[in-house]
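Since the structure comes first, as structure tokens, the remarks are kept for the end.
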Amino acid sequence: MSTTQQLNDLLKNADKNETFLIGNGENRIPVRFKRGAANAAALIVNFHGAIDKKTRKVPAFIPWLPVPPASAHQISIADPIIEGHEDLSIAWYAGSEHFDLQAQLHEMLDEFSDLLGVSRTIFFGTSGGGFAALFNAWKAESDSSIAIVGNPQTNILNYYKGHVDRYQACCWPSSSDAEGISESICHDVAELFSKAFTKTVIYIQSTADTFHMSNHMTPFLQKTAGVKGDRLILDVGFWGGFRHAPEMRAYLPWIRAALTSKTTSKKDILIAKASLQHEVSGGEVGKTSPEKNSKNFEEKDLAFAKVISDWMLKTVDTGKVIS
């Protein structure tokens with residue numbers, strides 16, 4: 001069955017808890033699809049980060065993002081390379097010697113966006129999933145594509161050496177060392193964006209994660225200096241968590257802003273986010289809310305944080321697998 005036929009089958013028959021395998025032979029990509037409303041004009045593509053196989057089953061998917069069905073469809077991608085190698089917890093959706101996953105995945109996502117007829121695609125991920133989101137957003141055919149990433153890796157070789165060496169040994173055994181994989185895959189998304197920065201990137205970085213600030217965010221900014229134009233939104237802050245995975249409340253407002261903005265430009269997304277913030281606080285953009293509304297916002301923010309915390313702790317089973 002061709003990829004087009006498989007994707008059409010996914011559109012017709014998918015249930016949000018079923019896993020479909022897209023591809024042929026051993027090179028198949030596990031996906032789940034959550035259909036939005038009939039008038040949904042956007043697609044959110046979800047990528048996971050490192051997977052602890054002691055606590056999570058594979059194929060692994062992040063929970064569906066809490067956005068209104070009217071605003072977007074969602075497709076969640078599981079990294080098939082992790083599933084195929086017991087010792088791996090992270091593989092950046094970068095593939096192996098026998099599986100050109102980077103090419104197969106971005107081609108599949110372009111075709112799926114076309115079949116859906118969406119006008120905007122948002123690539124979302126944190127950590128290793130952030131690397132995949134940046135890569136696939138850059139490769140996407142449509143300039144109305146947005147990458148929203150949290151504490152991402154931007155250069156595979158700059159990640160912790162033990163993880164990189166395991167990935168090389170499992171997936172690229174013909175290479176004498178980890179440096180050798182750079183000849184076969186894109187290992188540095190900063191290099192891509194330094195060539196052309198035509199897709200909007202919302203880059204969220206926790207100040208508590210100094211490793212990723214130093215080894216991934218800083219090189220990304222250095223390499224793209226002078227070419228970012230009006231396409232990079234950088235949000236560096238602390239949202240209360242000390243773990244590597246950033247708090248969901250750090251980037252859910254950006255996802256909502258990216259879905260509701262007039263265009264995918266930096267200016268329109270910033271205006272949309274400000275409008276959403278003032279809507280929550282009871283004010284208007286450009287006006288200071290009264291003190292009572294400020295207090296209400298704090299209470300709502302705490303309640304929102306509780307909802308997000310519960311969401312992040314959900315256990316997602318693998319569901320039914322359909323090939």
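Residue 44 in full-length UniProt numbering sits at position 44 of the sequence shown, and the numbers go up by one each step.
Here a beta-carbon is modelled for each residue, glycine too, at the ideal position from N, C-alpha and C.
Item to check | Length of the line joining the Cα atoms of E97 and S176 | outcome: The C-alpha of E97 lies about 13 Å from the C-alpha of S176.
Next on the checklist: Using 7 Å as the threshold, is the C-beta distance between G36 and I29 below it?
Outcome noted: Cβ distance not < 7 Å, so G36 and I29 don't count as in contact.
Checklist entry - If you drop the 5 nearest sequence neighbours on each side, which residues of the same chain put their C-beta closer than 7 Å to that of A178? => result Closer than 7 Å at the Cβ level, and outside the excluded window around A178, lie L157, V164, D165 and Q168.
Checklist entry - K34: buried (16+ other C-beta within 10 angstroms of its C-beta) or exposed? => result If you draw a 10 Å sphere on the C-beta of K34, you find 16 or more other C-beta atoms in it, and that means buried.
Checklist entry - Skipping 5 residues on each side, what residues in its chain have a beta carbon closer than 6 Å to that of F123? => result Contacts found: V45, A133, N136, A137 and A147.
Item to check | Endpoints, the alpha helix (DSSP H) within which K113 is located | outcome: According to the sequence provided, residue 113 is Ser. The question's Lys does not apply to it. L101 to L116 is the extent of the alpha helix (DSSP H) around S113.
Checklist entry - For the candidate residues R249, D230, M1 and L221, whose alpha-carbon lies nearest to that of F238? => result Restricting attention to R249, D230, M1 and L221, the CA atom closest to the CA of F238 is found in R249.
Checklist entry - According to DSSP, which residues form a beta bridge with P30? => result Bridge partners of P30: L21.
Checklist entry - Should N151 and H212 be called a contact, given that it needs their Cβ atoms to be closer than 7 Å? => result Cβ distance < 7 Å, so N151 and H212 count as in contact.
Checklist entry - Comparing alpha-carbon positions, which option in K53, F99 and V67 lies nearest E86? => result Ranking the options by Cα distance to E86, first place goes to K53.
Next on the checklist: Here's the rule I'm using: 16 or more other beta-carbon atoms within 10 Å means buried, otherwise exposed. How should T160 be labelled?
Outcome noted: Reading the sequence as shown, one finds Tyr at residue 160 and not Thr. Of the other Cβ atoms in all chains shown, fewer than 16 fall within 10 Å of the Cβ of Y160; this residue is therefore exposed.
Next on the checklist: Taking the straight line between their C-alpha atoms, what separation do you get for S265 and Y203?
Outcome noted: Each residue's Cα considered, the two are about 14 Å apart.
Checklist entry - Near H216, which residues of its chain fall below 7 Å by C-beta distance, leaving aside the five closest residues on each side in sequence? => result Closer than 7 Å at the Cβ level, and outside the excluded window around H216, lie P152, Q153, T154, N155 and N158.
Checklist entry - Can you tell me whether DSSP reads N293 as helix, strand or coil? => result Residue confidence is low: N293 scores 42 on pLDDT, short of 50, so the model does not pin down where it sits. Its coordinate-derived value is still stated next. It is helical.
Checklist entry - CB-CB under 6 Å to W254, same chain, minus the five flanking residues each way: which ones, in chain order? => result I148 and I202.
Item to check | Same chain, Cβ closer than 6 Å to E141, five either side skipped, listed in chain order | outcome: Around E141: D110.
Item to check | Which of helix, strand or coil DSSP assigns to F211 | outcome: In this structure, DSSP gives F211 a helical state, which the three-state scheme calls helix.
Checklist entry - Taking S119 as the reference, which of F99, G130, S145 and D100 has the closest Cα? => result Ranking the options by Cα distance to S119, first place goes to S145.
Item to check | Cβ neighbour criterion (16 or more within 10 Å) applied to E26 | outcome: It is exposed - the Cβ of E26 has fewer than 16 other Cβ atoms within 10 Å.
Next on the checklist: Within 10 Å of its beta-carbon, does E247 have 16 or more other beta-carbons around it, so buried, or fewer, so exposed?
Outcome noted: By the 10 Å Cβ count, E247 comes out buried.
Checklist entry - In three-state DSSP terms, what is T121? => result Three-state DSSP puts T121 in a strand.
Next on the checklist: What would DSSP say about S96, mapped onto helix, strand or coil?
Outcome noted: Of the three classes helix, strand and coil, the one that applies to S96 here is strand, per DSSP.
Checklist entry - When the Cα atoms are used, what is the spatial distance from Y251 to L259? => result When rounded, the distance between both Cα atoms is 13 Å.
Item to check | Continuous alpha helix (DSSP H) stretch holding F135: start and end | outcome: F135 -> alpha helix (DSSP H) spans G128 to K139.
Item to check | Distance, F112 Cα to H106 Cα | outcome: Cα to Cα, the separation comes out at about 10 Å.
Next on the checklist: Measuring straight from C-alpha to C-alpha, what distance separates K223 and G229?
Outcome noted: Spanning the alpha carbons of K223 and G229 requires a straight line of approximately 13 Å.
Item to check | Per DSSP, cross-strand counterpart(s) of K145 | outcome: Per the sequence shown, residue 145 should be read as Ser rather than Lys. S145 is bridged to T121.
Item to check | Secondary structure of A257, DSSP reduced to three states | outcome: Helix, per DSSP.
Checklist entry - Is the beta carbon of S127 less than 7 Å from the beta carbon of G49? => result S127 is a Cβ neighbour of G49, given a cutoff of 7 Å.
Item to check | Chain-order list of residues whose beta-carbon lies under 8 Å from that of V58 (same chain, five-residue window excluded) | outcome: Counting only Cβ-Cβ distances below 8 Å, and skipping sequence neighbours, we find I51, A78, I82, E83 and T318.
Next on the checklist: According to DSSP, is M1 part of a helix, a strand, or is it coil?
Outcome noted: Coil.
Checklist entry - Do C170 and L88 have their C-beta atoms within less than 7 Å of each other? => result For C170 and L88, yes; Cβs fall inside 7 Å.
Checklist entry - Taking buried to mean at least 16 other C-beta atoms within 10 Å of its own C-beta, is P66 buried or exposed? => result Exposed, since its Cβ has fewer than 16 Cβ neighbours within 10 Å.
Checklist entry - For N46, which beta-bridge partners are listed by DSSP? => result Per DSSP, the beta-bridge partners of N46 are S76 and F124.
Checklist entry - If you draw a straight line from the C-alpha of T207 to the C-alpha of G240, how long is it? => result Approximately 10 Å between the Cα atoms of the pair.
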